[in-house]
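Residue numbers (full-length UniProt numbering): 1 to 69. To start, the structure itself, in structure tokens.
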Amino acid sequence: MQRISNAPCGSGKKVDDVCGFIKHQGKNCLLCRYWKVYHDPDNAQKQFESFDCARRLVIQQVIEKYRAA
């Protein structure tokens, strides 16, 4: 199998992380939050922080709409 690029998979996971998960059978990851990271943990951490921020914003908007109702 040949990889063309390290483009994100459908859920934002990098192909290298998916391959790392398969290779290491889900063990020995470098970072674990939304998914297990096997490659480029600094970039993954930034992506996790972005997800956290988006989640907080959505929760805040839902609460504000609930209070306004």
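We put the beta carbon where it would ideally sit given N, CA and C, even for glycine.
Along the chain, where does the alpha helix (DSSP H) containing residue 26 start, and where does it finish? Unbroken run through residue 26: none, as it is neither H nor E.
Helix, strand or coil at residue 13 [DSSP, three-state]: Reduced to three states, the DSSP call for residue 13 is coil.
Apply the 10 Å Cβ neighbour rule to residue 25 and answer buried if 16 or more other Cβ atoms are within range, or exposed otherwise. Exposed, because fewer than 16 other Cβ atoms sit within 10 Å of the Cβ of residue 25.
Exposure label - residue 58; buried when at least 16 CB within 10 Å: By the neighbour-count rule (16 or more Cβ atoms within 10 Å), residue 58 is not buried but exposed.
Exposure label - residue 65; buried when at least 16 CB within 10 Å: Classification of residue 65: exposed, given that the 10 Å Cβ count is below 16.
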